[in-house]
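Take 1 as the starting number for the sequence shown in UniProt numbering and just add one per residue.
Beta carbons are placed, not taken as given, at the ideal position from N, Cα and C, and that holds for glycine.
The structure appears below as structure tokens.
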Amino acid sequence: MTTETNTVELATELTIAWLSNPNTRTNADDVPAFLQSMHAAVGRLASPDAAEPEQAAQEFTPAVSVRKSLASRDHIISMIDGKPYRTLRRHLTTHGLTPDEYRQRYGLKPDYPMVAPSYSESRSAMAKTIGLGRKAGQKVDQGAGNGNGNGGAAKAPRKGGKAALQAAKDTLGTEE
Numbered sequence: 001m002t003t004e005t006n007t008v009e010l011a012t013e014l015t016i017a018w019l020s021n022p023n024t025r026t027n028a029d030d031v032p033a034f035l036q037s038m039h040a041a042v043g044r045l046a047s048p049d050a051a052e053p054e055q056a057a058q059e060f061t062p063a064v065s066v067r068k069s070l071a072s073r074d075h076i077i078s079m080i081d082g083k084p085y086r087t088l089r090r091h092l093t094t095h096g097l098t099p100d101e102y103r104q105r106y107g108l109k110p111d112y113p114m115v116a117p118s119y120s121e122s123r124s125a126m127a128k129t130i131g132l133g134r135k136a137g138q139k140v141d142q143g144a145g146n147g148n149g150n151g152g153a154a155k156a157p158r159k160g161g162k163a164a165l166q167a168a169k170d171t172l173g174t175e176e
């Protein structure tokens with residue numbers, strides 16, 4: 001009887017929470033039907049038979065071998081669908097997986113990459129070119145350039161406040 005009471009109480013609490021949502025608009029006639037559907041859902045979840053279908057779905061066969069998935073430097077082949085991807089994170093998200101869950105599902109080592117090596121190298125080179133990864137106060141290498149296409153030529157230093165004010169007066173032709 002306590003299990004039945006707990007499911008009734010839980011279904012009631014869920015229904016009250018649903019009704020307290022300001023975005024929920026409903027008629028009084030819909031509340032009992034919703035309460036019944038919540039009670040049925042909670043009852044299904046509380047039954048011991050609910051765990052069996054989950055155990056049967058735990059066996060996943062990879063679409064390709066681990067060696068084949070890492071054969072190319074340009075892409076990683078997904079073990080879910082066998083298609084090549086430069087990065088697996090978005091693909092895994094569409095399948096409701098995190099990288100750790102993906103590794104666990106297919107028995108992969110914790111250091112299994114989620115990004116193709118060539119893609120990682122190109123992103124790293126781009127980041128170094130624009131000066132990321134350096135400590136504050138360090139200058140960007142002049143030979144690498146600063147990303148604006150002028151071959152690493154430095155910009156003119158900014159003028160101080162008084163010099164800028166004087167330049168503005170000269171440009172506008174105003175005297176104070």
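Annotated as proximal: residue 66 and residue 108, with beta-carbon spacing under 8 angstroms. Here the alpha carbons of residue 45 and residue 33 stand approximately 19 angstroms from one another. Here residue 17 is exposed: its Cβ has fewer than 16 other Cβ atoms, across all protein chains shown, within 10 Å. Bounds of the alpha helix (DSSP H) holding residue 91 are 89-94. The bridge partners DSSP lists for residue 76 are 85.
Note that the region 76-94 does not touch the region 36-43; fewer than 3 beta-carbon pairs, one per stretch, sit closer than 8 angstroms. For residue 42, the enclosing alpha helix (DSSP H) covers residues 30-46.
Taking C-beta separations shorter than 6 angstroms and ignoring five residues to either side along the sequence, the partners of residue 115 in its chain run 87, following chain order.
Residue 8 carries a helical assignment under DSSP once its states are collapsed to helix, strand and coil. Here residue 66 carries a helix assignment [DSSP, helix/strand/coil]. Rounded to whole angstroms, the separation of the alpha carbons of residue 160 and residue 168 is 12 angstroms. Inclusion of residue 99 and residue 79 in the CB contact set at 8 angstroms is not warranted, their separation being larger than that value. A straight-line Cα-Cα distance of about 39 angstroms links residue 23 and residue 104. In this structure, the CA atom of residue 101 is about 25 angstroms from the CA atom of residue 121. For residue 161, the uninterrupted alpha helix (DSSP H) segment begins and ends at 161-172. Counted as a single uninterrupted DSSP element, the alpha helix (DSSP H) harbouring residue 117 occupies residues 117-129. Secondary structure note for residue 112: it is in no alpha helix (DSSP H), with a DSSP letter that is neither H nor E.
For residue 125 and residue 75, the gap between their C-alpha atoms comes out near 18 angstroms.
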